[in-house]
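Notes for the one structure printed next.
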Amino acid sequence: MSDANKSLLKVNNLSVSFDTTEGSFDAVRAVNFDLKKGETLAIIGESGSGKSVTASVIMGILTCPPGRIKSGEVLLNDLDILKLSDSDRRKLMGSKVAIIFQDTLSHLNPVFSVGSQIAECFEVHKNLSKKESWNRAVKLLERVRIPNPSKRAKDFPHQFSGGQRQRVMIAMALALEPDIIIADEPTTALDVTIQAKILELLGELRDERNMGLILITHDLAVAAEISDKVIVLNEGKIVEKGITREVFINPNHTYTKQLMDSIPGKTTKKKKKISKKLFKPILEIKNISKFYDTIACDDVSFNLYPNEVLGIVGESGSGKTTISNLILRLASPSNGKILYHGKNILNFNKKDLLNFRRKVQVVFQDPYASLNPTMNIYDIISEPWVIHSDFLDKKLYKSKVSDLLISVGLHPDDAIKFPHQFSGGQRQRIAIARALALNPEIIICDEAVSALDVSIQAQIIKLLLNLRNKFSLSYIFIAHDLPVVKDLADRVIVMKSGKIIEQGVVDEVFDFPRDKYTKDLLKASPSIENLIS
Amino acid sequence: MKQYLSKRIFSSILAITGLFVMVFFLARLTGDPGHLYLPIDAPLEVRKEFSEKHGFNNPIYIQFGKFLGDLTDGNLGYSLRKERPAIDIVLEAIPVTLSLAAVAMTIALLGAIIIGSLAAYSPNGIFDRISRVVSLTAASAPDFWVAITAILIFSVSLGWLPTSGIGGVPYWIMPIGILVIRPLGLLVQVVRGSMITALSSDFVKTARAKGIKENIVIFKHALRNGLLPVITVAGDQAAAIANGAVIVETIFGWPGIGKLMIDSIMQRDFAVVQASILVTAIVILSINIIIDIAYAVLDPRIRHK
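Respectively, the protein sequence lines represent chains A and B. Quick note, the first sequence lines up with residues 43 to 575 if you use the working numbering. Quick note, the second sequence lines up with residues -15 to 289 if you use the working numbering.
Right, here's the structure in full:
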């Protein structure tokens, strides 16, 4: 066997279970795969599929108990690391195989400078002096293109942007020139243009050093962009494996097909054409600006028409959420007017404002943080009626809560449960039910599907569209994920640095973008189309 | 950070001023010192002369004005009992208390960090369970009882240690031991709690994935993050001891600030009361400022605010 074809890593028949008070459950079941030099393997799966647990086992950082490795081998250059002593295994971790995590703010130690965290690798594994280690750390930061590396090395994680922190994490993983890098959702929290750059950097480093790369992701498009082969995990089992292109063109397993179908951005159905002459706008935003220490929103104007879905896209810091806060009157604009049915909401008195708030509701991004964990579902959904006490007779609360739960696809019996008893997707349904409680005209969805798995995301989008017709709602749909907006919105606004740079009917903007920034955004957005077409 | 510190120092000065005014008036509510200092059958003229000599017959606002005037000259008044400048007496007592506090807190803090971290390393393990019971007992032990029992055992029955007084190492053992117990018990619990959080943080995972040894993971990566709440509680405890380890100083006859304050209140020795409160207040506020600085040193996120 030639050296090039030798497996760097072989995982044989790996099974992991977790022992909890409610019994033991299998997180990883008889998983097999291998990885060769210069190769990229994508492990695809939704939350709870066992992909991160597999990575933890390879890195020797699975917490046992509750975790327990039931069977299997993890062969690193033909050496079973599961059989090694802790100190022998530690010598391989970081030097032969290294990992890049998703949430870099919490995965980098907040109290040490990034330089010292990278330098630590050299001190621990190579016994280099502090000074020499530091110099090498600076070189690595330069390699991952952190500007002004010798100065920045002294800075702490919180002083970097999300994309830069991911570069720091990559530099740390590269330090000892490992044979394998595992990237656990390396770009999930990042903006699409930053994501594209990070993926490019990873690919470049893989080729430069002929490393094996394992990419763990829930995003099929990301896997399509960079990987040579994939395995698809569902409930701890491999349901499909093969060459990336073949799997995406011709998926065999129903779960893979279902995942492929859930990918947003493929709908071609006719969008509603809102004739501006026929309808008066519900909401007119006129030249609003908001200045904090910086300009958050600069001379923004747009209209929202009845029964319309208006998408607002842009990267972090583009001013999307500021606009949502201004419409909700959670903040006041520095300049400009917001007209609701022709009346300026900025001049509303207390009573008018209360009535206005009844008509404009919001669904937030994180369904884990937006529902009070100490309230049951009945209390959560009925709370708006307690605040707007003239809206509904108390005797009717129960039946109305049941109606709302049914219309968002839950069961009336769920009313007595608490938020922690639901999954992320179900929680988002509860948040939507709460938003519907007061018969609103407008629902603002601020990244409402960003935190969800792709199959759940597809369900929620479907639900939102159904509810729009049923309750004749208008949505302002704020998102950084372009394909999702393409599926859902009728019109779209593209924002950058607080300014609207392009707006129009979704299909026109997405298919024939005029502005350079819109073009860049669309180009950076990963897609599987390039791979299979 | 500099701006924050100067703000803190300014507000501390305000607090001390307010405290001082209050103490001046409250001390005078305890009654006429003449009653305590003169024989019970002293004739009226003698009492009058005593009051006049010390200015107690003046209206209170004139006494206060004189007190403020003296203060600007750095004069905190004379002790009635000892007939020496009050500040001298206080400055003799405060080092005794501060050295007690410093030694006791160092031992308590180091002990708590080691015991608490090891307990947090495997929560509900055997070491954790034992340390939890012991630390809870320690945190709730009444120190006067422990002190007297300790004297009974180690001095009276066994004769190993002196009952009271100051001197070499044997004189320190019991007072320090008693002072350490409660802060140690409390701090072990705080360290355990914050270290459990720190050890389950994501950055600890990163450190382990780098192949770093467990002792470095615990005592470098986790501890530096786990220390912040510990510092707050430790500072609180240190301030309490500096405020006068009254019971320990009284029982073991240590001439510290706590004992001095109690004695001078009993004797209506106003000048000494005022001077000791001023000095103690400065010490406590300094401890608080030191805690703020320690926070900033430990956590760059605070430093950059």
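All C-beta atoms in this analysis are idealised placements derived from N, C-alpha and C, irrespective of residue type, glycine included. Treat the numbers as computed from the prediction; the structure is a model and nothing was measured.
- First through last residue of the alpha helix (DSSP H) which encompasses A/A338: Reading the first sequence from its first residue, position 296 is the one you call residue 338 of chain A. Unbroken run through A/A338 is the beta strand (DSSP E), 337 to 346; no alpha helix (DSSP H).
- Message: I'd like to know if the stretch 322 to 329 of chain A and the stretch 528 to 546 of chain A are in contact, where contact means that at least 3 CB-CB pairs between them fall below 8 Å.
- Response: Not touching, per the Cβ criterion.
- chain B beta carbons: is any one of them nearer than 8 Å to that of A/M135? If you number the first sequence from 1, residue 135 of chain A lands on position 93. So, interface residue.
- Message: For a test of the three-state rule: what should DSSP assign to A/P482, helix, strand or coil?
- Response: On the first sequence, residue 482 of chain A is found 440 positions in, with the first residue counted as 1. It is coil, neither helix nor strand.
- Query: Nearest-angstrom Cα distance between A/N511 and A/Q501?
  - Reply: Residue 511 of chain A sits at position 469 when you count from the first residue of the first sequence. Residue 501 of chain A sits at position 459 when you count from the first residue of the first sequence. Roughly 16 Å between the two C-alpha positions.
- Message: Does any residue of chain A have a CB that is nearer than 8 Å to the CB of B/F187?
- Response: The count along the second sequence starts at 1 and reaches residue 187 of chain B at position 203. So yes, B/F187 belongs to the interface.
- Message: For A/T62, list the residues DSSP reports as bridge partners.
- Response: Here residue 62 of chain A is taken as the residue at index 20 of the first sequence, counted from 1. A/T62 is bridged to A/G65.
- Going by CA-CA distance only, name the one from A/T146, A/S94, A/L150, A/I542 that's closest to A/G204. Your numbering for residue 204 of chain A matches position 162 in the first sequence. Of the candidates A/T146, A/S94, A/L150, A/I542, the one whose C-alpha sits nearest the C-alpha of A/G204 is A/T146.
- Query: Interface residues of chain A around B/D283 at Cβ under 8 Å?
  - Reply: Looking up residue 283 of chain B in the second sequence gives position 299. Chain-order list of chain A residues neighbouring B/D283: P152, V153, by C-beta distance under 8 Å.
- Query: Are the stretch 284 to 296 of chain A and the stretch 511 to 526 of chain A touching, with three or more C-beta to C-beta distances below 8 Å?
  - Reply: Contact between the stretch 284 to 296 of chain A and the stretch 511 to 526 of chain A is absent, because fewer than three Cβ pairs lie under 8 Å.
- Take B/N108 as the anchor and find which of B/G177, B/D57, B/V140 has the nearest alpha-carbon. The residue you call residue 108 of chain B lines up with position 124 of the second sequence. Measuring from the Cα of B/N108, the nearest candidate turns out to be B/G177.
- Does any C-beta atom of chain A lie closer than 8 Å to the C-beta of B/A280? Against the second sequence, residue 280 of chain B aligns to sequence position 296. So no, B/A280 is outside the interface.
- Amino acids of chain B, ordered along the chain, whose beta-carbon sits closer than 8 Å to that of A/C106: For the purposes of this step, residue 106 of chain A is taken as residue 64 along the first sequence, with counting starting at 1. In chain order: nothing, as chain B lies at least about 12 Å away.
- Item | Residues that DSSP places opposite A/R533 in a beta bridge | Start at 1 with the first residue of the first sequence, and residue 533 of chain A comes out as number 491. Paired residue(s): A/L352, A/V547.
- Message: Quick check on A/R132 - is its C-beta less than 8 Å from some C-beta in chain B?
- Response: For the purposes of this step, residue 132 of chain A is identified with residue 90 of the first sequence, where counting begins at 1. For A/R132, the nearest CB of chain B lies under 8 Å from its own CB, placing it at the interface with that chain.
- Message: Strictly below 7 Å CB to CB, what residues from chain A border B/H38?
- Response: Here residue 38 of chain B corresponds to residue number 54 of the second sequence, with the count starting at 1. Chain A residues near B/H38: none, gap ~56 Å exceeds 7 Å.
- Rounded to whole angstroms, what's the CA-CA distance from A/A373 to A/R476? Just pull it up for me. Numbered from 1 along the first sequence, position 331 holds the residue referred to as residue 373 of chain A. Numbered from 1 along the first sequence, position 434 holds the residue referred to as residue 476 of chain A. Spanning the two alpha carbons is a distance of roughly 22 Å.
- Between which two residues does the beta strand (DSSP E) carrying A/I85 extend? Here residue 85 of chain A corresponds to residue number 43 of the first sequence, with the count starting at 1. Taken as a continuous stretch (DSSP letters only), the beta strand (DSSP E) holding A/I85 covers 82 to 86.
- Item | Members of the stretch 80 to 110 of chain A that neighbour chain B once the beta carbon cut-off is set at 9 Å | Among the residues of the stretch 80 to 110 of chain A, those with a Cβ less than 9 Å away from any Cβ of chain B are S98, M101, G102, I103, T105, in the order of the chain.
- Message: To the nearest angstrom, how far is the alpha carbon of B/A206 from that of A/G466?
- Response: As a working mapping, residue 206 of chain B is identified with position 222 in the second sequence. As a working mapping, residue 466 of chain A is identified with position 424 in the first sequence. Rounded to whole angstroms, B/A206 and A/G466 show a C-alpha spacing of 30 Å.
- Among A/P189, A/V99, A/L447, A/K504, the one whose alpha carbon lies nearest that of A/S424: Position 382 of the first sequence holds residue 424 of chain A. Ranked by Cα distance from A/S424, the first of A/P189, A/V99, A/L447, A/K504 is A/L447.
- Message: At a threshold of 7 Å, does A/S155 count as lining the ligand HEM (C-beta to nearest heavy atom)?
- Response: As presented, the structure is devoid of all ligands, the ligand HEM included, so that no description of it is given.
- State buried or exposed for A/Q463, treating a residue as buried only when at least 16 other CB atoms are found within 10 Å of its CB. Indexing the first sequence from 1 puts residue 463 of chain A at position 421. Around the beta carbon of A/Q463, fewer than 16 other beta carbons sit within 10 angstroms, so the residue counts as exposed.
- Item | Backbone secondary structure at B/Y105 - three-state DSSP | Locating residue 105 of chain B in the second sequence gives position 121, counting from the first residue. Collapsing the DSSP output to three states places B/Y105 in a helix.
- Residues that A/L77 bridges to, as DSSP identifies them: On the first sequence, residue 77 of chain A is found 35 positions in, with the first residue counted as 1. Listed as beta-bridge partners of A/L77 by DSSP are A/L51.
- Mind pulling the chain B residues with CB within less than 9 Å of A/T145? For this step, residue 145 of chain A is matched to residue 103 along the first sequence. Before going on, a small fix: residue 145 of chain A reads as Asp here, not Thr. At a C-beta separation below 9 Å, A/D145 has these neighbours in chain B: D186.
- Query: In terms of residues, what are the limits of the alpha helix (DSSP H) holding B/G210?
  - Reply: Here residue 210 of chain B refers to the residue found at position 226 when the second sequence is read from its first residue. 207 to 226 is the span of the alpha helix (DSSP H), which, as asked, contains B/G210.
- Check whether the Cβ of A/F202 lies closer than 8 Å to any Cβ atom in chain B. Walking along the first sequence from the start, residue 202 of chain A turns up at place 160. Chain B contact via Cβ: absent.
- Message: Tell me which residues of the stretch 173 to 205 of chain B have at least one Cβ-Cβ distance to chain A shorter than 9 Å, keeping chain order.
- Response: Those would be S184, S185, D186, F187, V188, K189, T190, A191, R192, A193, K194, G195, I196, K197, E198, I200, K204, H205, in chain order.
- Message: With three or more beta-carbon pairs closer than 8 Å as the criterion, would you say the stretch 96 to 105 of chain B touches the stretch 266 to 280 of chain B?
- Response: The stretch 96 to 105 of chain B is not in contact with the stretch 266 to 280 of chain B.
- Query: For the beta strand (DSSP E) that contains A/V405, what are its first and last residues?
  - Reply: Taking the first residue of the first sequence as position 1, residue 405 of chain A is located at position 363. 402 to 405 is the span of the beta strand (DSSP E), which, as asked, contains A/V405.
- DSSP puts A/Y382 in a beta bridge; with which residues? Taking the first residue of the first sequence as position 1, residue 382 of chain A is located at position 340. Per DSSP, the beta bridge partners of A/Y382 are A/L325, A/K385.
- Compare the C-beta of A/I141 with all C-beta atoms of chain B and state if any pair is closer than 8 Å. Within the first sequence, residue 141 of chain A is the residue found at index 99, counting from 1. Nearest CB-CB separation between A/I141 and chain B: below the 8 Å threshold.
- Item | Own chain, CB closer than 8 Å to B/A77, minus 5 neighbours either side, in chain order | Mapped onto the second sequence, residue 77 of chain B falls at position 93. Only P239, G240, I241, K243, L244, S260 meet the Cβ criterion.
- Contact with chain B by A/E219, beta-carbon distance below 8 Å: To locate residue 219 of chain A, count along the first sequence from 1; it is residue 177. Interface residue (Cβ-Cβ distance to chain B less than 8 Å): A/E219 is not classified as such.
- Helix, strand or coil for A/C163 per DSSP? Counting from 1 along the first sequence, the entry for residue 163 of chain A is found at position 121. Correct three-state label for A/C163: helix.
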